[in-house]
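Before any comments, here is the structure.
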Amino acid sequence: MSAPHVFSLEGHTALITGGGSGIGLATAHALAAGGAKVILGGRREKELNDAVAAIGAAASAQVMDVTDTAAMPALAAALREKHGPISILVNNAGINLKKPFVDTAESELLGILQTNVIGAMALTRAVHPQLKESGQGSVVFISSMAALFGIPWVSAYSISKSALTGAVRTLSLEFGADNIRVNAVAPGWIDTAMSRKAFASDPARKEKILSRTPLGVLGDTSDIGWSVAYLCSPAAKFVTGAILPVDGGASIGF
Ligand code: NDP
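Per our numbering, the very first residue in the sequence shown carries number 19; after that it's consecutive.
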């Protein structure tokens with residue numbers, strides 16, 4: 019297989035949760051560039067429609083809320099009807115909470131887990147028959163540095179992203195016989211509207227991050243998108259159960 023073909027996603031249909039913004043949108047662009055049809059999921063219709071317009075004919079929008087877990091089987095069936103079997107599921111939708119652990123209420127912890135973990139599991143379960151049917155299924159979770167080492171004030175988020183590590187390991191074993199690969203990307207610090215705002219009020223934090231990042235810069239959302247495209251491509255056909263840090267080296271050491 020020649021180099022371009024080994025990265026080709028022709029014939030794939032991908033569902034990307036949180037595909038209307040940030041890392042999910044960059045991932046949708048990358049998968050579409052590889053030749054996949056992309057379905058962008060999220061709660062805000064206008065944002066999804068704007069994203070679809072930016073990507074072009076390969077893209078479509080699906081208004082959905084991953085916390086509505088009871089709706090997932092019917093949603094998956096409707097998407098199967100409209101687009102054929104989904105062969106790539108990117109569980110990217112996520113929310114964060116910055117608070118000391120002792121001030122984090124049980125309801126707040128549950129809220130984070132509901133979106134970042136329970137919603138992703140319900141959707142994965144609902145889409146599983148289609149991943150199997152495709153014969154070339156791939157699930158990618160978007161994890162975080164907060165699953166690789168301790169970061170203060172984000173315990174609920176860190177707990178949720180650490181749970182995804184268990185999901186990657188277990189599901190890669192359970193799904194392997196059906197040639198469904200299950201991996202995660204752990205983004206480092208990425209230049210987004212959210213991080214720009216956070217750094218504006220806390221320049222020391224940005225300095226600390228850059229000083230421990232061997233490449234000395236923040237990442238772009240497209241860096242995450244391309245890594246997901248790789249994991250879903252034939253180039254990664256022997257890669258499953260992996261958690262790939264895409265972080266400029268931030269997680270590698272001292
Ligand atoms: P955004 O806030 O831009 O993206 C989050 C996306 O998730 C939005 O498109 C949002 O759309 C969607 N979403 C949130 N809740 C739900 C829900 N209940 N149902 C469906 N969709 C939902 O931030 P990022 O792009 O930065 O984050 C994307 C992922 O990357 C997250 O999982 C985050 O934890 C992870 N990450 C981000 C890093 C960064 O530096 N930015 C670093 C490490 C990990 P809508 O509100 O319309 O539903």
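Think of the CB as a built atom: it goes at the ideal place given N, C-alpha and C, for glycine as much as any other residue.
- In the DSSP assignment, Arg199 falls within the unbroken beta strand (DSSP E) covering 199-205.
- Relative to the non-hydrogen atoms of the ligand NDP, the Cβ of Trp207 comes within a distance shorter than 7 Å of at least one.
- A Cβ-Cβ distance of about 25 Å is found for the pair Ile106 and Ala164, leaving them out of contact under the 8 Å criterion.
- A Cβ-Cβ contact shorter than 8 Å links Ala76 with Val56.
- Assignment of Ala138 by DSSP, reduced to helix, strand and coil, places it in the helix class.
- Between the alpha carbons of Leu66 and Met82 lies a distance of about 11 Å.
- By the criterion of a C-beta distance shorter than 6 Å, Gly38 is surrounded in its chain by Leu58, Gly60, Glu65, Leu66, Ala69, once the five residues flanking it on both sides are discounted.
- Excluding its 5 nearest sequence neighbours in each direction, Asn197 has C-beta neighbours in its own chain below 8 Å: Gly153, Gln154, Gly155, listed in chain order.
- Between Asp238 and Asp209, the gap from beta carbon to beta carbon is short of 8 Å.
- Ranked by how close their Cα comes to the Cα of Glu151, the residues Pro103, Val157, Leu128, Pro118 have Pro103 in first place.
- In this chain, Thr35 is not harboured by any alpha helix (DSSP H); it is covered by the beta strand (DSSP E) spanning 31-35.
- His23 is the residue among Glu63, Ala185, Ala218, His23 whose C-alpha sits nearest the C-alpha of Ala54.
- Short of 8 Å from the beta carbon of Val257, and not among the five residues preceding or following it, lie these beta carbons of its own chain, in chain order: Arg199, Asn201, Leu249.
- If you look at Ile106, you'll find it in the beta strand (DSSP E) that goes 106-109.
- Of the candidates Ala111, Ile136, Ile270, Gly42, Ile136 places its Cα closest to the Cα of Gly184.
- For Pro221, the enclosing alpha helix (DSSP H) has its first and last residue at 221-229.
- Your pair Phe159 and Val186 checks out as a contact, with CB atoms roughly 6 Å apart and the cut at 8 Å.
- Counted as a single uninterrupted DSSP element, the alpha helix (DSSP H) harbouring Ala92 occupies residues 90-101.
- A distance of 8 Å or more separates the beta carbons of Ala144 and Thr35.
- DSSP, reduced to helix, strand and coil, places Ala77 within a strand of the structure shown.
- Distances from the CB of Met212 to the heavy atoms of the ligand NDP include at least one below 7 Å.
- In this structure, the CA atom of Gln132 is about 22 Å from the CA atom of Ile261.
- Contact annotation, Ala48 with Gly243: C-beta distance approximately 3 Å; criterion of less than 8 Å satisfied.
- Residue environment: Gly267 is assigned as exposed (fewer than 16 neighbouring CB atoms within 10 Å of its CB, all protein chains considered).
- The nearest non-hydrogen atom of the ligand NDP is 7 Å or more from the C-beta of Gly259.
- The beta carbons of Val172 and Asn109 sit no closer together than 8 Å.
- Uninterrupted beta strand (DSSP E) stretches at least 3 residues long and entirely within the region 149-212 occur at 156-160, 199-205, given in chain order.
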